[in-house]
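Engineer: Protein chains in written order, with our numbering: chain A, 32 to 383; chain B, 21 to 417.
Dumping the structure here so I can ask a few things about it.
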């Protein structure tokens with residue numbers, strides 16, 4: 032016995048009363064003729080369902096009348112199958128378009144985020160300015176002094192071989208100091224550069240040292256004693272030097288701001304094993320003012336700051352958090368108000 | 021001979037003369053004295069019977085279908101208070117007219133009467149379609165199309181519109197050959213060697229959650245989700261309307277209320293699309309709301325917004341859909357059924373919507389009118405009445 036797909040009737044009726052009402056009307060009709068909800072019904076059952084629908088009157092009655100005629104059904108069902116196929120194709124196409132749009136939007140967001148990170152980094156460089164100037168000023172002062180000595184020696188009318196020997200020594204000093212300047216400028220330039228997306232195997236202590244090369248003097252100027260404890264023979268991690276430098280700089284600057292009248296900052300790097308996974312753990316421990324308990328959980332939120340001056344807009348630690356997450360690591364903070372704060376970063380050891 | 025299609029628009033005080041003039045001008049465009057079919061759209065300013073007589077006198081009593089309107093246009097201009105006429109001379113299409121009255125009382129009987137003399141097949145012309153024009157105030161738009169398909173069989177596709185009366189909402193008329201009457205349906209069965217094509221599109225988007233009609237009678241809705249329909253509509257349209265300078269809480273003028281319900285129509289989710297239902301003629305805030313076709317209890321509606329940009333774009337899209345359906349066949353002309361609501365929403369920008377259609381159709385002749393509802397139903401569909409939609413019917417050469 033031929034069976035009729037009830038979904039075809041739903042499809043026909045939904046064109047005139049909408050999808051929700053079509054489902055409702057047909058379900059009610061099926062219930063009224065005391066049939067279970069099935070996909071297919073016999074000709075007689077289908078006719079009974081249509082008879083109930085006709086009671087609705089108006090165009091539902093006409094639609095049910097037309098749909099119950101076999102001469103129409105053959106055509107309608109073919110068309111419905113074709114229409115549903117087209118709808119499915121449309122949906123698939125829209126899904127593709129949506130996917131593409133999401134991809135484009137994600138790309139735009141990533142670009143905006145990268146710009147934000149870069150802007151924050153440039154702002155940090157501004158804050159580092161005084162320290163860097165000092166870092167450059169000392170060797171430049173030395174260079175100037177040695178240059179003047181050389182000029183003095185060679186300006187004498189009776190230059191003797193001893194003077195040339197001394198000048199050679201001065202020139203070696205000049206070269207050394209100039210190299211120091213060059214290294215500082217290179218560090219700064221490298222820090223300000225936009226990071227590349229690639230991760231490479233690296234020694235975390237070298238990244239910390241590179242960071243300190245542009246910030247150490249700033250800490251000294253503020254009477255902050257910096258100490259480092261590196262566990263020997265640390266395994267390498269997979270990371271982006273530039274990004275990690277930015278993350279560490281943000282934490283160190285935060286510590287500096289927490290110790291306006293001086294203090295101590297200790298950076299300790301060690302290995303830790305958790306659930307059979309080896310990580311590098313970096314502790315930044317300062318003796319600053321500390322962070323109140325209610326603020327502690329918010330410090331990694333964007334635009335959260337406890338500083339009331341120009342020094343911060345509150346994105347440094349959120350960027351740090353994001354960078355660490357991108358490195359599949361974690362960052363936590365513990366603090367005692369009036370005693371100091373410890374930021375702990377863990378980064379997974381390279382599998383290779 | 022292929023298919024020739026000519027159009028003209030005229031205005032004047034003497035309805036017979038306007039009818040004669042517009043038909044004559046349209047015929048001059050096709051350069052032929054033989055007319056197989058004429059389409060006439062006339063503003064409520066005119067004596068319809070006189071216009072029809074004038075046209076038929078010039079066209080040699082060729083088959084005629086037409087109706088009263090709320091605006092008329094052709095490929096040259098968009099007009100009000102005018103008469104637009106299109107004439108077709110063709111050996112690729114044959115036209116058969118029918119007419120039925122008493123639509124308000126019984127659409128089945130009316131459509132049986134209208135289709136009684138129409139052929140079910142025409143040898144050599146395998147593709148059947150029908151232009152159907154209905155009284156726009158009878159509230160039987162959807163019923164008429166379904167009754168027509170019930171009478172003509174499942175292999176006919178439909179296009180057409182609901183007659184209008186320049187937004188007076190008093191009486192609308194349909195013309196078929198020499199007949200002119202209200203409360204009626206005119207139908208022209210078009211048998212073609214090359215199929216005509218239809219495109220339909222609206223530019224609305226939902227701004228409310230699904231809302232269920234809980235009390236209704238025919239085309240009158242008394243309650244939505246157990247509340248006053250006006251209050252429900254206000255709730256969801258309030259913020260959106262504010263941006264358009266409409267304060268839904270202080271509206272009292274009938275015209276302002278009618279405009280509000282024109283901008284915020286109802287949408288029925290039919291799958292991946294919405295079908296639009298106009299709350300045409302609703303002019304009070306304290307009673308039920310009325311639609312231009314029946315809304316059964318249990319129907320789920322959404323309040324729809326109608327951004328201007330989307331309205332203009334949808335006219336173009338309707339034309340594109342019709343052109344795609346023609347599959348590259350050379351076109352002779354177009355008949356456009358465009359809702360008067362779109363003209364209300366778009367104001368002076370309505371001509372931009374017509375320009376969009378013209379642009380897509382590449383300058384072929386077209387004739388159209390502003391309707392109280394549009395009809396477009398492809399073979400295999402079982403609902404053909406629309407509102408605030410553009411329907412484009414294309415005749416291949």
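We put the CB at the ideal spot given by N, CA and C, even for glycine.
Because the structure is a prediction, the values reported are computed rather than measured.
How is the beta strand (DSSP E) around residue 386 of chain A delimited, first residue to last?
Structural biologist: Only positions 32 to 383 of chain A appear in this structure, which leaves residue 386 of chain A out of reach.
Engineer: Helix, strand or coil: which one does DSSP assign to residue 368 of chain B?
Structural biologist: helix
Engineer: Take residue 322 of chain A and list the residues in its own chain whose beta-carbon comes closer than 6 Å to its own, dropping the five residues that flank it on each side.
Structural biologist: 366, 372
Engineer: Opposite residue 199 of chain B in the DSSP bridges: which residues?
Structural biologist: B:196
Engineer: Quick one: measure Cβ to Cβ for residue 383 of chain B and residue 95 of chain B, integer angstroms, because I've assumed they're closer than 8 Å.
Structural biologist: 7 Å
Engineer: Considering only the alpha carbon of each residue, which of B:187, B:123, B:224 lies closest to residue 133 of chain B?
Structural biologist: B:123
Engineer: Please classify residue 336 of chain B as buried or exposed, where buried requires at least 16 other C-beta atoms within 10 Å of its C-beta.
Structural biologist: buried
Engineer: Mind listing the chain B neighbours of residue 48 of chain A? Cutoff is C-beta to C-beta under 7 Å, in chain order.
Structural biologist: In chain order: 288, 316, 319.
Engineer: Checking contacts by CB at 8 Å: is residue 200 of chain B closer than that to chain A?
Structural biologist: no
Engineer: Cα-Cα, which of B:372, B:29, B:110 is closest to residue 211 of chain B?
Structural biologist: B:110
Engineer: Can you tell me whether residue 84 of chain B is helix, strand or coil according to DSSP?
Structural biologist: strand
Engineer: Taking the beta carbon of residue 281 of chain A as the centre, do at least 16 other beta carbons fall within 10 Å, making it buried, or is it exposed?
Structural biologist: buried
Engineer: Give the interface partners of residue 45 of chain A over in chain B, defined as CB-CB distance under 7 Å, in chain order.
Structural biologist: Ordered by position in chain B, the residues that pass the 7 Å Cβ test against residue 45 of chain A are 290, 291.
Engineer: Would residue 167 of chain B pass as an interface residue toward chain A - the criterion being a Cβ-Cβ separation below 8 Å?
Structural biologist: At least one chain A Cβ lies under 8 Å of residue 167 of chain B.
Engineer: Would you check if there are 3 or more beta carbon pairs closer than 8 Å linking the stretch 366-386 of chain B to the stretch 163-171 of chain B?
Structural biologist: Under the 8 Å Cβ criterion, the stretch 366-386 of chain B does not count as touching the stretch 163-171 of chain B, having fewer than three qualifying pairs.
Engineer: Consider the Cβ of residue 322 of chain A: report whether some Cβ of chain B lies at a distance smaller than 8 Å.
Structural biologist: no
Engineer: By DSSP's criteria, residue 397 of chain B is part of a beta bridge. Which residues make up the other side?
Structural biologist: B:178
Engineer: Need the endpoints of the beta strand (DSSP E) that residue 299 of chain A sits in, please.
Structural biologist: 294-305
Engineer: When the distance is taken between beta carbons, is residue 324 of chain B closer than 8 Å to residue 300 of chain B?
Structural biologist: no
Engineer: If we call anything under 8 Å between Cβ atoms a contact, is residue 145 of chain B one with residue 114 of chain B?
Structural biologist: yes
Engineer: Helix, strand or coil for residue 271 of chain A, going by three-state DSSP, please let me know.
Structural biologist: coil
Engineer: Quick check on the DSSP output: what are the complete beta strand (DSSP E) runs of length 3 or more inside the stretch 100-181 of chain B, in order along the chain?
Structural biologist: 103-110, 113-121, 147-154
Engineer: Report yes if the CB atom of residue 173 of chain A is closer than 8 Å to the CB atom of residue 208 of chain A, and no otherwise.
Structural biologist: For the pair residue 173 of chain A and residue 208 of chain A, the CB atoms are nearer than the 8 Å cut-off.
Engineer: Counting only Cβ pairs nearer than 8 Å, list the residues of chain A close to residue 175 of chain B.
Structural biologist: In chain order: 106.
Engineer: Please report the residue range of the beta strand (DSSP E) in which residue 185 of chain B lies.
Structural biologist: Neither: residue 185 of chain B is in no beta strand (DSSP E) and is coded neither H nor E.
Engineer: Taking only beta carbons into account, state which residues of the stretch 142-170 of chain B come closer than 7 Å to chain A, listed in chain order.
Structural biologist: 162, 163, 166, 167, 169, 170
Engineer: Could you tell me the alpha carbon to alpha carbon distance between residue 388 of chain A and residue 290 of chain A, rounded to whole angstroms?
Structural biologist: Beyond the ends of chain A as shown, which are 32 and 383, falls residue 388 of chain A; an answer cannot be given.
Engineer: From residue 266 of chain A to residue 253 of chain A, what distance separates their C-alpha atoms?
Structural biologist: 33 Å
Engineer: With 8 Å as the threshold, decide whether the Cβ of residue 96 of chain A is near any Cβ in chain B.
Structural biologist: yes
Engineer: Helix or strand or just coil, what does DSSP make of residue 268 of chain B?
Structural biologist: coil
Engineer: Quick check: is the beta carbon of residue 91 of chain A nearer than 8 Å to any beta carbon in chain B?
Structural biologist: yes
Engineer: Starting from residue 228 of chain B, find everything on chain A with Cβ-Cβ shorter than 8 Å and list it in chain order.
Structural biologist: Within 8 Å Cβ-Cβ: nothing; residue 228 of chain B doesn't reach chain A, min ~14 Å.
Engineer: Pairs of beta-carbons, one from the stretch 54-63 of chain A and one from the stretch 37-46 of chain A, closer than 8 Å: are there three or more?
Structural biologist: Touching, yes.
Engineer: Which residue marks the beginning of the beta strand (DSSP E) containing residue 189 of chain B, and which one marks its end?
Structural biologist: Going by DSSP, residue 189 of chain B is part of no beta strand (DSSP E) at all; its letter is neither H nor E.
Engineer: DSSP beta-bridge partners for residue 289 of chain B?
Structural biologist: B:294
Engineer: Residue 293 of chain B and residue 90 of chain B - do their beta-carbons sit closer together than 8 Å?
Structural biologist: Not a contact, by the Cβ cut-off of 8 Å.
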